Each structure stands twice: as C-alpha cells, then as structure tokens.
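A short write-up of the structure that comes next.
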Amino acid sequence: MFGEALVELGAADERIVVLDADVSSSTQTKLFGAAYPQRFFNFGIAEANMVSAAAGMAASGLVPVVSTFTLFIALRAGDQVRAQVAYTRLNVKLIGGYAGLSDFADGASHQSVEDIAVMRAIPHMTVVSPSDITTTRKALAAAIEHDGPVFLRVSRDNVGQAYDDDQPFTIGRGIRIRQGRDVTLVAAGPVVGLAREAADRLAAEGVDASVIDLHTIKPLDADLLAEEAGRTGAVVTVEEHNVLGGVGSAVCEALCERCPVPVLRVGLPDHFGESGAYPDILARAGLTVDAVVAAAKKAQAMKAR
Amino acid sequence: MAKPDFAAMRDECLQLRNTIVDIIHGAGSGHTGGSLSSVEILWTLFGHVLRYRPDEPDWAGRDRFVLSKGHAAPALYTVLAAKGFLDRAELTSLRKAGSRLQGHPDMRKCPGVEMSAGSLGMGISVGVGMALAARLTGADWRVYVLVGDGELQEGQNWEGLMAAAGFGLDRLTVIVDHNGVQLDGPVDEIMPLGDLEAKLAAFGLAVRGCDGHDCASVLEAVHWARSQDRPQAIVARTVKGKGVSYMEGESAWHGKPISPEDYAIAKRELAGT
Chain B
2 MFGEALVELG AADERIVVLD ADVSSSTQTK LFGAAYPQRF FNFGIAEANM VSAAAGMAAS
62 GLVPVVSTFT LFIALRAGDQ VRAQVAYTRL NVKLIGGYAG LSDFADGASH QSVEDIAVMR
122 AIPHMTVVSP SDITTTRKAL AAAIEHDGPV FLRVSRDNVG QAYDDDQPFT IGRGIRIRQG
182 RDVTLVAAGP VVGLAREAAD RLAAEGVDAS VIDLHTIKPL DADLLAEEAG RTGAVVTVEE
242 HNVLGGVGSA VCEALCERCP VPVLRVGLPD HFGESGAYPD ILARAGLTVD AVVAAAKKAQ
302 AMKAR
Chain P
25 MAKPDFAAMR DECLQLRNTI VDIIHGAGSG HTGGSLSSVE ILWTLFGHVL RYRPDEPDWA
85 GRDRFVLSKG HAAPALYTVL AAKGFLDRAE LTSLRKAGSR LQGHPDMRKC PGVEMSAGSL
145 GMGISVGVGM ALAARLTGAD WRVYVLVGDG ELQEGQNWEG LMAAAGFGLD RLTVIVDHNG
205 VQLDGPVDEI MPLGDLEAKL AAFGLAVRGC DGHDCASVLE AVHWARSQDR PQAIVARTVK
265 GKGVSYMEGE SAWHGKPISP EDYAIAKREL AGT
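Chains as they are written, first to last, in this note's numbering: chain B, 2 to 306; chain P, 25 to 297.
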C-alpha cells in the first residue's frame, strides 16, 4: 500500500525522488523504482550516506523520500538526520518502515522502540505515526505537501483499513474517534486498534471512553489533549514504543502544563522487543486490550481519589 | 574569468590569513590550524573555479561548494566576505551570540554556505546527493567538496565515495586538505590513513595530488579533474597552521584560543615583506 501510494504521488510531482538502502523489496519502494527508475536511488547498506545525500538533493530543489527500517533512520543515521535534515530545515521526508515490533520474527535487532523519543527531541522535526491504510496514505501525501523535514513511522504489516477514504487528515491535528465522559484513550500507530477495542469493552462495562488517534506526535495537538483531559479527567496512552520518551511522555508533558490529570502509559516498559508471532510478542510486551482496559479503570480510580 | 595572477593571489592569501587570525583571536576561540591550511584551496576555488553570484547566493546555476570540514568556517567566511557574500565588517561577529557566523557554518544563516557542517564525515555524501540532483535535472553545475584528512577516519566518507563511483558522478570533485594533523596529534599516529591516494583510487575515483599552498597547482589539479569521466579526488598536500611558524604542523593549534602574545607574533609573521 505504501509503495503504491508513493507511485501515485510520484506521478503528480516530478521533484519527488525515492532513496532506499537495500530494503526496497521490504519497504515496497521498489514499486516506485519500477515506475520511475530515473528517480529511484538504491544506496546499498549505507544509511548515513543515504540521509546526507538526501539533504544534498533537497538543497538542490528535489523532494527526497528516504525509506528504510525505522531504527536505521532514527538511530543509525541519527546524527545525519539531526545535522543535515533538521538543523538545515531541508525538505526531506524520512519514512521509517517496520516500526515498533512489526518486524516481529526478526527480533529486537530490527525492531524500533526508541525512535519517537529520538526524533521528537530534534528541533524542526515533524513526527507522524499513522494507524491504518487510509491515514498512512494521507500522512504520506501530507508529509510531501509539508515544507520541511518529516519523519513518518509506518508499520510493516498490512495494518488494515479503519477509516473511511474521506477521513480528514491534518498534520498536527489528532482524530477523535469517539468521545466519552470517563476516560480518554490516546494512541498512535496501529495500536489505535487496541484503544478502539478497549473502548468497546469499557462501554460494555459501563465506562464511557474517548479514543484519540494522535497520529502526529510532534507538533502535538495539545488543545485536543487538554480538552479531553478537562472533560474526562483521566488519560491512558498506548504506543508500540518504549514508554520512556514516546507518545505517553509527550502527552504527559503537554498535560502537566495545560491540564494535569492522571496519565497511565501502556507500551514497552523500558525493554527491548523479541522474536515471535506478532500477537504473541505484543502481548508479552504488555500491549493488549486487557492491559488498556485495566489501565483505563486504574486511571479512572486515580482521579476519584 | 580573468587569467589568474598567481603572484597577486599569494598576497591575497596572506591577507586572508591575517583576517582569519584576527577574527579567531577576536572570537576568543576557533580552529586556526585547519583554517590556515585550506586558504589557497578556497581562494583558488572561489577565485577561478566556481560559478556563483554573491548578490544572488541561491542562483540555481551556481556550482556547489560543500565544506565538509566545518571547523574551517573562519577561512570560508573570510573568503565569502572577500567575494562579496558578506560585509567584511561582519567577520568580527564570528562565534558571537546572534551572529550569522556560527562556530561551524549554518546554511540558513550565512549566505554562500551550501550545507551546514560541523559533525564530520558528511560532506562527500551531501556532494553525492547534489551531483545526483544535477544529473537528474539536466543541470550543468559541478560539485566540489573539501574534506579534512583526519575527517576521513569517519566511515561515512567511504560510503560516500563508494556511492560517487557507483552512481558514476563525474561532476563531483573531492578535495582533501591533507595537512596531516588532527586534534589529538598527527593523523599517522592517531589512526593512519595508509596510502590515501591508493585507497581513493580503489574506491573508483580518479586521483591526483597537488601542492595545496600553491594556487597554480590547485588550479591545475581542478582543471585536470574537470576533464575526467568519473568522480575525482585531489589530495592537496598542506601544512596545518600554514603561515604562522609556531602553529605549523602543531596539533595544539587545531582549536586553541590565540593569546595576545601569540597573536602579536602571528601578526608579525603575517605582515609580509
């Protein structure tokens, strides 16, 4: 899906070039390469070089879309991203594939649970983590439309379609999937699905939960978060990322200043991923509907104190 | 472009050296050694090689010069001022709060700077991206990248060189300011580069050396580079701290502040005859 969306965008804008580092078969940028061979560059297994070269291309008027596994962008090429993409405010689009635990069988070496923390701490960087097919397509188009560096964190698996095709999508504006009174579930990435399911379960138990798809982690939609916290008085965050520095941390930072309420974070409790079937390792990492439901009830109880 | 007057260029380089020492002394910090070693290379490029418009620094048809060894910023700023990108008076703002002349070049602040630099080893890769962009868009400008030799210890340089050859970027010229000294000591002692020219050649570049303190030699090498059908590397033999006797070849002068006493000696030595 990502590969096809890229091909469509490439047809409309000749400035778009795609760079990959020997994973174009995995990231599906090979589709762009087949459609526009002149505008596709495989840099081999050399991510730092690829990111710096993208900066050189952007400085020359092109719109480079850099694609590889998430951790190789955020960590392997982190200095290049910082020094030559963010500090320079160049128009480079960094697409991190196989984010979170989605490269499940390959294990911790290939999984990315630190990238949001790194990327959102870099000035001028925009950080987007779409949750389904519709929002991934729209996030990619919005990233290219946006003038400046964008980091787009996408999952490996076909994440399914959760939104209608006409779902509005604006960088920096969270999507309120449902509005409740008792607790707000804030999620980013495919785990938005967990939050949706948890809200259904909570509803059956008489707890009225809001669900927010916080697809943009930076700039953060603090207005929406503050409004939600003000109404429900309790927040649970859900992320396929370390709970240190990620979505939960970003939400806490905003709410501490705008509307302090109890916030419980569901995510990897400061440990690495592992190999296994995707549902199994998500469960072992604590990313389950049960865990979100339990956190929601606990957060609700905390506000009552 | 006017025929080079190499005798005049020697005098001009002496003036540039004076200004570099002045502004680093005034700033209270800065990298004198690697700035002084790159003077003739920069002056030759900006004087007789690069196409540019100082009053229109973003002119699309300009040649691109990427300073990878960003700590030579004082030398680059001094040359940019001499060529009209900056008011010479602004040079004294080097490294001061609010200045466009950051300790290491910031492309968003200083006109004529093609890429922000400071973290080493990235410039060749940037040049690769620029040369690919030029080829894709059918532009006729060329890309020149100036790297330090100590900097070549960073692995990314070699990724960049591999890509330059792999993509066949014949309009990319890498110039090595081979002054033989890095912050902690001689390059050969800290981490030897071995046979640098052979390594560059093995990576698929056309390679030759030149005397990096002789503008005629630098210019001749660049003319040679422009006739090659693959990316080129010019290894410019230079002296760190060139022109100030006590700085020459001394790693201590990689980035030491210049005291008033040392400044007085440097200015005497750079007074010319």
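All C-beta atoms, glycine included, are put in the ideal place defined by N, C-alpha and C.
These numbers come from a predicted model, not from an experiment.
Chain P contact for B:Y88 (CB, 8 Å cutoff): Contact with chain P is found for B:Y88, since one of that chain's Cβ atoms lies less than 8 Å from the residue's Cβ.
Contact check, B:Q85 vs P:V152, beta carbons under 8 Å: No, Cβ-Cβ distance for B:Q85 and P:V152 is not below 8 Å.
Span separating the alpha-carbon of P:D164 from that of P:L193: Distance between P:D164 and P:L193, taken at the CA atoms: about 12 Å.
Sequence-distant residues of the same chain with beta carbon closer than 7 Å to B:A223, five excluded per side: The beta carbon of B:A223 lies closer than 7 Å to those of A255 and R259 in the same chain, with the five residues before and after it left out.
Outcome for P:E213 when other beta-carbon atoms lying within 10 angstroms are tallied against a minimum of 16: By the neighbour-count rule (16 or more Cβ atoms within 10 Å), P:E213 is not buried but exposed.
Under 8 Å by beta carbon: chain P residues contacting B:Q112: Per Cβ cutoff of 8 Å: no residues; B:Q112 is ~24 Å from chain P at best.
Same chain, Cβ closer than 7 Å to B:A296, five either side skipped, listed in chain order: Excluding sequence neighbours, B:A296 sits near V237, L265 and V267.
Listed by chain order, chain B residues near P:E138 by CB distance under 7 Å: What P:E138 touches in chain B: A60.
Best match in P:D238, P:A32, P:A113 and P:E175 for proximity to P:G142 [C-alpha to C-alpha]: The residue with the shortest Cα to Cα distance from P:G142 is P:E175.
Proximity of B:K137 and B:V155 at Cβ, strictly below 8 Å: At residue 137 of chain B the sequence reads Thr, which differs from the Lys that was named. Yes, these two residues count as a Cβ contact at 8 Å.
Residue-level contact to chain C via CB, B:D80, 8 Å cutoff: This model lacks chain C altogether; the protein chains it does include are B and P.
DSSP three-state assignment for B:S211, whether helix, strand or coil: DSSP places B:S211 in strand when its eight states are reduced to three.
CB contact flag (B:L221, B:A210, <8 Å): B:L221 places its beta carbon 8 Å or farther from that of B:A210.
Cβ-Cβ distance between B:R121 and B:A6 below 8 Å: Using a Cβ distance threshold of 8 Å, B:R121 and B:A6 do not count as a contacting pair.
Cβ-based burial, B:P263 [other Cβ within 10 Å; buried from 16]: When all chains shown are included, B:P263 counts as buried.
Exposure label - B:A1; buried when at least 16 CB within 10 Å: The structure shown has nothing for residue 1 of chain B, since chain B only spans 2 to 306.
Residue from B:G287, B:I213 and B:P65 with nearest C-alpha to P:M154: Ranked by how close their Cα comes to the Cα of P:M154, the residues B:G287, B:I213 and B:P65 have B:P65 in first place.
For P:P210, the residue or residues it bridges with in DSSP: Residue pairing for P:P210: DSSP places it in a beta bridge opposite P:V205.
P:L40 versus P:S123, P:K107, P:V231 and P:A51, residue with shortest Cα-Cα distance: P:L40 has its Cα closest to that of P:K107, out of P:S123, P:K107, P:V231 and P:A51.
Short CB-CB distance (under 8 Å) between B:G57 and chain P: In terms of beta-carbon proximity, B:G57 lines the interface with chain P, with at least one pair separated by less than 8 Å.
Under the three-state DSSP convention, the category P:A42 falls into: Just to set this straight, residue 42 of chain P is Asn in the shown sequence, not Ala. Three-state result, P:N42: helix.
Identity of the residues DSSP links to P:L185 by a beta bridge: Beta bridge pairing from DSSP links P:L185 with no other residue.
Opening and closing residue of the beta strand (DSSP E) in which B:D271 lies: Per DSSP, B:D271 lies in no beta strand (DSSP E) and is assigned neither H nor E.
Contact list for B:A6 against chain P, beta-carbon separation under 7 Å: Those do not exist, as B:A6 stays about 22 Å from chain P at its closest Cβ, beyond 7 Å.
Endpoints, beta strand (DSSP E) assigned at B:F70: Counting along the chain, the unbroken beta strand (DSSP E) around B:F70 starts and ends at V64 to F70.
Contact list for P:M146 against chain B, beta-carbon separation under 7 Å: In chain order: S53, Q81, A84 and Q85.
Span separating the alpha-carbon of B:I176 from that of P:A99: Distance between the alpha carbons of B:I176 and P:A99 is about 51 Å.
Beta-carbon spacing of B:A75, B:E48 below 8 Å: A distance of 8 Å or more separates the beta carbons of B:A75 and B:E48.
Limits of the alpha helix (DSSP H) - the one that P:T298 falls within: With chain P represented from 25 up to 297, any question about residue 298 of chain P goes unanswered, as that position is not in the structure.
Short-range partners of chain P found in the segment 11-45 of chain B, where Cβ spacing is below 8 Å: Cβ contacts with chain P: V18, Q39, R40, F42, F44 and G45.
At least 3 beta-carbon pairs within less than 8 Å: the segment 228-243 of chain P vs the segment 68-87 of chain P: Enough Cβ pairs lie closer than 8 Å, so yes.
P:L176 beta carbon near the ligand FAD (any heavy atom closer than 7 Å): Annotation note on the ligand FAD: not contained in the displayed structure, which lists no ligands.
C-alpha gap between B:H78 and B:D116, whole angstroms: Per the sequence shown, the amino acid found at residue 78 of chain B is Ala instead of His. Whole-angstrom Cα-Cα distance: 11 Å.
Coil, strand or helix - B:G161 by DSSP: Coil at B:G161, not helix or strand.
Assigned exposure category for P:R112 - 16 Cβ within 10 Å defines buried: The residue in question, P:R112, is exposed, as its Cβ has fewer than 16 Cβ neighbours within 10 Å.
Reference P:L144, options P:R159, P:V137, P:D173 and P:D79, closest by Cα: Selected option, being the one with the closest Cα: P:D173.
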